[in-house]
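Those sequence lines, one after another, are chains G and P.
If you count by our numbering, then the first sequence holds residues 2 to 481, one letter each, in order.
If you count by our numbering, then the second sequence holds residues 2 to 481, one letter each, in order.
Heads up, the beta-carbon is just placed ideally off N, CA and C, and yes, glycines get one too.
A short write-up of the structure that comes next.
2 protein chains.
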Amino acid sequence: LSLSETSASLRELLGPDRVLTDGPEFRRALQDGTGNRGISGSASLFVEPASTAEVVTAMAFCYENDLPLVTRGGGTGLAGGAVPDGGVVLSVERLNRVRSIDPGLWRMEVEAGVTTGTVHRKALENGLLFPPDPGAGEQSTIGGNIATNAGGPHAFRYGVTGSWVTGLEVVVPPGRVIRTGGPVRKDVSGLDLTSLMIGSEGTLGVVTAAWLRLVPAPESRGVVVGIYEDAGTGCDAVAAVMAAGIQATALEFLDRGALAASLGSFPFDCPAEAGFAVIAEADGTASEVERMVTELAEVLSAGAIPPGDSAAPGFSGGADGAAAGILTIIGRTEADALWAWRDGVSYAVAAQRGGKISEDIVVPVERLGEAVAETVEIGERHGLEACSWGHAGDGNLHSTFLVDLADPDQMVRGKAASDELFGMAIRLGGSISGEHGIGSLKTAHVRQALGDTVVELQADIKRAFDPKLLLNPGKKIPLG
Amino acid sequence: LSLSETSASLRELLGPDRVLTDGPEFRRALQDGTGNRGISGSASLFVEPASTAEVVTAMAFCYENDLPLVTRGGGTGLAGGAVPDGGVVLSVERLNRVRSIDPGLWRMEVEAGVTTGTVHRKALENGLLFPPDPGAGEQSTIGGNIATNAGGPHAFRYGVTGSWVTGLEVVVPPGRVIRTGGPVRKDVSGLDLTSLMIGSEGTLGVVTAAWLRLVPAPESRGVVVGIYEDAGTGCDAVAAVMAAGIQATALEFLDRGALAASLGSFPFDCPAEAGFAVIAEADGTASEVERMVTELAEVLSAGAIPPGDSAAPGFSGGADGAAAGILTIIGRTEADALWAWRDGVSYAVAAQRGGKISEDIVVPVERLGEAVAETVEIGERHGLEACSWGHAGDGNLHSTFLVDLADPDQMVRGKAASDELFGMAIRLGGSISGEHGIGSLKTAHVRQALGDTVVELQADIKRAFDPKLLLNPGKKIPLG
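In structure tokens, the structure reads:
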């Protein structure tokens, strides 16, 4: 079929307002969150089905006419998973109904295009919490979060997106609706296809709706921040929190470079510069938060820089027996301000040179210090400034090289630095991706990370779902 | 190959002490926990490899010689998943090393034959908790718990076994070792093969070792028990706990029949008979437990039977403002006594008639009352006493028909009653299995539960891992 025939057919099948072939929305659909590293793709058509039945129609058409189909959520992905390479881009953003919410039963059913921010708000309005918070909540969709099994700071205690999904509605080739799991919290009647779909980045089917599990929202939150001379001392503090058996809800870090880029907008009094920061959060009742914040402050104060008289008025000087060098932030609103700042660190770092090449490697938590130091060293070897921040307790680093997107040489060196980074993650016993996924950016490293047998098994599973290999081709799963 | 040739070859490959063809251990390997409903199988050989390399050897031999291979843990499974139908039974019980434990990093690596009780103890000795507690901890192996994705009372807060497994070592056909995940807590570098293996009941590979995630052990535990006239009032109390937003760690129930069978050994003072019991647990610091127990007691006392002067001295009469009709049990040891009793309920029920046909259906939690009532009605229609107990908060019922194993007519009626039960679970929007798995007992109901497309996808996945269909044939995954 020619493009105009394809377009005419899909318009007839889905309605004229569901199909675009140009314009700003069409052009936006050629990029995702990797736009800031200069990545964009191409497509023939953009379709926006508004119901599961329309997704079935679109997929059946693509399958019949051998058209590649790339599914897209809010376009905030960081691995190029939604960047098309020809074919049809299917956006789930019109699948945006909250199908049901049962506050007394701690669950909701939402369509894939509902934003993560909406899920959070709907839960909170009902006294409940949907814990995963991968960031960009107002843009990213729950479908995209499911497609990547997105994480975020609070995964340290609460787990990643997949921990909160009990069931899925999925359209699989050549255009059939399946349901996996459901509104029940336990189900071993089949292979765990729910988990198989979660994180599969649109390569096995199109997730159209999900059953989400919720928990009672904590009454209060408290955050403790410690500032350290260097990564070694800071990573010792991270280890000390775990060794003390304190179940923080989040246990984050920023290294020297990430702090230099972001401390200017820190919403509380803090030192003008710092070598390493550790951020730990506790939640629960007001009294539980008070107790845990005291414990966290005590542990994190060991090795923390005691503030000067004027340098960091927000940080405790250690008078009256308080833990020295520690900022404590109590209350949900106050904690929200801290997390809003934290959510912006990525943008602050990107603003340094105009662009960044940022990955999401994972290492066993005891190797965190090595990974932080090696990130900087790898950057130096390639003549690039580098920094890292991320989810210390999960050993998940956003290792980042600062680049000028307009400088092709820097981009080449950045790519080489990334390659070394993935090698380091594998060498340290970790993973090349903790939360962004493989997308198009990391497929070349998957075989080294997972080994030949796993790569073959994945390819066979892919073929079982998508025999024509039309769903998000070239992403996530290396073939042959 | 003849049996004697097969046996001689495997003895030569694995060592003479690794292979049995008769004797008590061999005969034990023909049954699992479904022995009490009269189920047993047949096999040619029993092998007990003591290392992953020996598992590879055994599988390669089976695959080369077209021998079915059934993997076996502690033999406590309740769906016939480890009952062989010819071929080789492979026990993982000699794979019993704790490979590593890192208390400060909240994790351990254990081989598949380590008992769940050992995992619990090793964790607790280090101030940590491995939450899944499916029961039979001293017999069941972690490998078996992984193969079934076993649950237990504390899954209500902490999730099932799979929530605590971050990585696996698996031997897949025709005899290759793969590793999925690892000691890291986040990994989206591939499809989630860890979750795909978990609950696959030995149909895709042999799990030889697992990385387990642990959490700091709570300081204290407290249990609250309420007794109600009937299932309706009791299920209202379950709903009230959730509606009050109290995150109990466990939220259990027993109906009239289950209580009649088990109250005689209840380790605390209680009424001589009761229509329905709700058991809720809280954990945390001593003060948190105290607060939550007070809240739980208040909610559960609504509708609870107020005890007479002498009937139930352990239960509060409501003096001094205490919640009436409620038993509270504070402290880890005291709570352990309650859970040891709870773990024995299944045996107490089986003792009523010598045998029981007990399933593990799941319904959306708001349908719990219906499912409890219908279980009894289904039993009546088939002339069998019936009762249920289980994980109320997860909507997971052990719906049970009491039978005399020696009475073939009762066994036939029990089977027919079970079939109706599965139909009810599907009709109410639930699952035919919450924690026991499909095994050989429920494969006939899988297509009705999951639908044709999912059944086909499962079969394709099975073929990708096990092209000769030799791993635990006839179990879990219906083929063709």
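Quiz prompt | residue 410/G versus residue 479/G - alpha carbon distance | solution = One-based indexing of the first sequence puts residue 410/G at position 409. One-based indexing of the first sequence puts residue 479/G at position 478. Spanning the two alpha carbons is a distance of roughly 28 Å.
Quiz prompt | Status (buried if at least 16 other CB within 10 Å, exposed otherwise) for residue 24/P | solution = Position 23 of the second sequence holds residue 24/P. Around the beta carbon of residue 24/P, fewer than 16 other beta carbons lie within 10 angstroms, which makes this residue exposed.
Quiz item: Can you tell me whether residue 195/P is buried or exposed, with buried defined as 16 or more other CB within 10 angstroms of its CB?
Solution: As a working mapping, residue 195/P is identified with position 194 in the second sequence. Counting Cβ neighbours within 10 Å, residue 195/P comes out buried, since at least 16 surround it.
Quiz prompt | Contact set for residue 198/G: own chain, Cβ-Cβ below 8 Å, skip 5 residues either direction | solution = Walking along the first sequence from the start, residue 198/G turns up at place 197. Within the same chain, residue 198/G has close Cβ partners 147, 169, 171, 181, 205, 206 and 208.
Quiz item: Of all the CB atoms in chain G, is at least one closer than 8 Å to the CB of residue 243/P?
Solution: Locating residue 243/P in the second sequence gives position 242, counting from the first residue. Closer than 8 Å to some Cβ of chain G, the Cβ of residue 243/P qualifies, so yes.
Self-check item: Where residue 7/G falls: helix, strand or coil (DSSP)
Solution: As a first step, residue 7/G is located in the first sequence; it is residue number 6 there, counting from the start. Under the three-state reduction of DSSP, residue 7/G is assigned to helix.
Quiz item: Tell me, which residues are paired with residue 357/P by DSSP?
Solution: Counting from 1 along the second sequence, the entry for residue 357/P is found at position 356. Residue 357/P is bridged by DSSP to 403/P.
Quiz prompt | Whether residue 200/G touches residue 438/G by CB criterion (8 Å) | solution = Taking the first sequence and counting its residues from 1, one reaches residue 200/G at position 199. Taking the first sequence and counting its residues from 1, one reaches residue 438/G at position 437. In this structure, residue 438/G lies closer than 8 Å to residue 200/G by Cβ.
Self-check item: Residues in the region 264–298 of chain P having any Cβ partner in chain G nearer than 9 Å
Solution: Flagged, chain order: 285, 286, 288, 289 and 292.
Quiz item: Since residue 282/G is in the beta strand (DSSP E), which residue starts that stretch and which ends it?
Solution: Position 281 of the first sequence holds residue 282/G. That run of the beta strand (DSSP E) goes 277–285.
Quiz item: Got a sec: is the Cβ-Cβ distance from residue 122/P to anything in chain G below 8 Å?
Solution: In the second sequence, counting from the first residue as 1, residue 122/P sits at position 121. Interface annotation, residue 122/P: not in contact with chain G, CB-CB separation never under 8 Å.
Quiz prompt | Three-state secondary structure assigned by DSSP to residue 77/P | solution = Start at 1 with the first residue of the second sequence, and residue 77/P comes out as number 76. Residue 77/P sits in coil when the DSSP states are folded into three classes, being neither helix nor strand.
Quiz prompt | Cβ-based burial, residue 348/P [other Cβ within 10 Å; buried from 16] | solution = Position 347 of the second sequence, counted from the start, is the residue given in the question as residue 348/P. Burial is judged here by how many other beta carbons sit within 10 angstroms of a residue's own beta carbon; residue 348/P has fewer than 16 and is exposed.
Quiz prompt | Interface partners of residue 217/P on chain G, CB under 8 Å | solution = For the purposes of this step, residue 217/P is taken as the residue at position 216 of the second sequence. In chain order: 246, 247 and 248.
Quiz item: residue 360/P: buried (16+ other C-beta within 10 angstroms of its C-beta) or exposed?
Solution: If you number the second sequence from 1, residue 360/P lands on position 359. By the neighbour-count rule (16 or more Cβ atoms within 10 Å), residue 360/P is buried.
Self-check item: Under 8 Å between C-beta atoms of residue 93/G and residue 142/G
Solution: Here residue 93/G refers to the residue found at position 92 of the first sequence. Here residue 142/G refers to the residue found at position 141 of the first sequence. A Cβ-Cβ contact shorter than 8 Å links residue 93/G with residue 142/G.
Quiz item: Based on the DSSP secondary-structure assignment, which residues constitute the bridge partners of residue 390/P?
Solution: By 1-based counting over the second sequence, the position of residue 390/P is 389. Under DSSP, residue 390/P shares a beta bridge with 255/P and 399/P.
Quiz item: Buried or exposed: which applies to residue 188/P, given that a residue is buried once 16 or more other Cβ atoms fall within 10 Å of its Cβ?
Solution: Start at 1 with the first residue of the second sequence, and residue 188/P comes out as number 187. Residue 188/P comes out buried.
Quiz item: Under 8 Å between the Cβ atoms of residue 237/P and residue 277/P?
Solution: Numbered from its first residue, the second sequence carries residue 237/P at position 236. Numbered from its first residue, the second sequence carries residue 277/P at position 276. Contact: no.
Quiz item: Between residue 481/P and residue 212/P, what straight-line distance do the alpha-carbon atoms span, to the nearest angstrom?
Solution: Numbered from 1 along the second sequence, position 480 holds the residue referred to as residue 481/P. Numbered from 1 along the second sequence, position 211 holds the residue referred to as residue 212/P. Approximately 35 Å, taken between the alpha carbons.
Quiz item: How would you list, in chain order, the residues of chain P whose beta-carbon sits under 8 Å from the beta-carbon of residue 143/G?
Solution: Walking along the first sequence from the start, residue 143/G turns up at place 142. Taking a Cβ-Cβ cut-off of 8 Å, residue 143/G has no neighbours in chain P, whose nearest Cβ is about 16 Å from it.
Quiz item: Within the 8 Å Cβ cut-off, does residue 132/P reach chain G?
Solution: What you label residue 132/P is simply residue 131 of the second sequence in a count that begins at 1. Against chain G, the CB of residue 132/P has no partner CB under 8 Å away; the residue lies outside that interface.
Quiz item: residue 302/P and residue 283/P: beta carbons closer than 8 Å?
Solution: Numbered from 1 along the second sequence, position 301 holds the residue referred to as residue 302/P. Numbered from 1 along the second sequence, position 282 holds the residue referred to as residue 283/P. It is not a contact, given that the beta carbons lie outside the stated cut-off.
Quiz item: Secondary structure at residue 422/G, three-state DSSP: helix, strand or coil?
Solution: Sequence index remark: in the first sequence, residue 422/G carries index 421 (1-based). In the three-state reduction of the DSSP assignment, residue 422/G falls in the helix class.
Practice problem: Using a Cβ cut-off of 7 Å, pull out every chain G residue sitting near residue 188/P, in sequence order please. | Solution: Counting from one through the second sequence, the residue named residue 188/P turns up at place 187. What residue 188/P touches in chain G: 363, 432 and 435.
Self-check item: With 16 other Cβ atoms within 10 Å as the buried cut-off, status of residue 17/G
Solution: As a first step, residue 17/G is located in the first sequence; it is residue number 16 there, counting from the start. Burial state of residue 17/G is exposed, judged by a 10 Å Cβ sphere holding fewer than 16 other Cβ atoms.
Quiz item: Taking a cut of 7 Å between CB atoms, which residues from the region 386–401 of chain G lie near chain P?
Solution: Closer than 7 Å at the C-beta level to chain P, one finds these residues of the region 386–401 of chain G: 395, 396 and 397.
Quiz prompt | Opening and closing residue of the alpha helix (DSSP H) in which residue 162/G lies | solution = Start at 1 with the first residue of the first sequence, and residue 162/G comes out as number 161. Following the DSSP letters along the chain, one finds residue 162/G in no alpha helix (DSSP H), marked with neither H nor E.
Self-check item: Contact set between residue 450/G and chain P, taken where Cβ atoms lie within less than 7 Å
Solution: Position 449 of the first sequence, counted from the first residue, corresponds to residue 450/G. The contacting residues are 190.
Practice problem: Would you tell me roughly how many angstroms separate the C-alpha atoms of residue 408/G and residue 432/G, rounded to the nearest one? | Solution: Your numbering for residue 408/G matches position 407 in the first sequence. Your numbering for residue 432/G matches position 431 in the first sequence. If you take the alpha carbons of residue 408/G and residue 432/G, they lie about 29 Å apart.
Quiz item: From residue 259/G to residue 334/P, what does the alpha carbon distance come to, in whole angstroms?
Solution: Residue mapping note: residue 259/G aligns to position 258 of the first sequence, counting from 1. Residue mapping note: residue 334/P aligns to position 333 of the second sequence, counting from 1. Straight across, the Cα-Cα distance linking residue 259/G with residue 334/P is about 48 Å.
Quiz item: Any idea what DSSP makes of residue 141/G, helix, strand or coil?
Solution: Your numbering for residue 141/G matches position 140 in the first sequence. Three-state DSSP puts residue 141/G in coil, outside helix and strand.
Quiz prompt | Proximity of residue 421/P and residue 362/P at Cβ, strictly below 8 Å | solution = Position 420 of the second sequence, counted from the first residue, corresponds to residue 421/P. Position 361 of the second sequence, counted from the first residue, corresponds to residue 362/P. At a Cβ-Cβ threshold of 8 Å, residue 421/P and residue 362/P do not count as neighbours.
Quiz item: Mind checking if residue 166/P is an interface residue toward chain G, Cβ cutoff 8 Å exclusive?
Solution: Translated into the one-based positions of the second sequence, residue 166/P becomes position 165. Look at residue 166/P: its C-beta is not under 8 Å from any C-beta on chain G.
Quiz prompt | Candidates 50/P, 465/P, 108/P and 63/P, of which the one nearest residue 1/P by Cα | solution = Absent from the model: residue 1/P. The displayed extent of chain P is 2 to 481, so no value can be given.
Exercise. Give me the Cα-Cα distance between residue 177/P and residue 264/P, rounded to the nearest whole angstrom.
Key: The sequence position of residue 177/P within the second sequence is 176, counting from 1. The sequence position of residue 264/P within the second sequence is 263, counting from 1. Roughly 50 Å separates the two Cα atoms.
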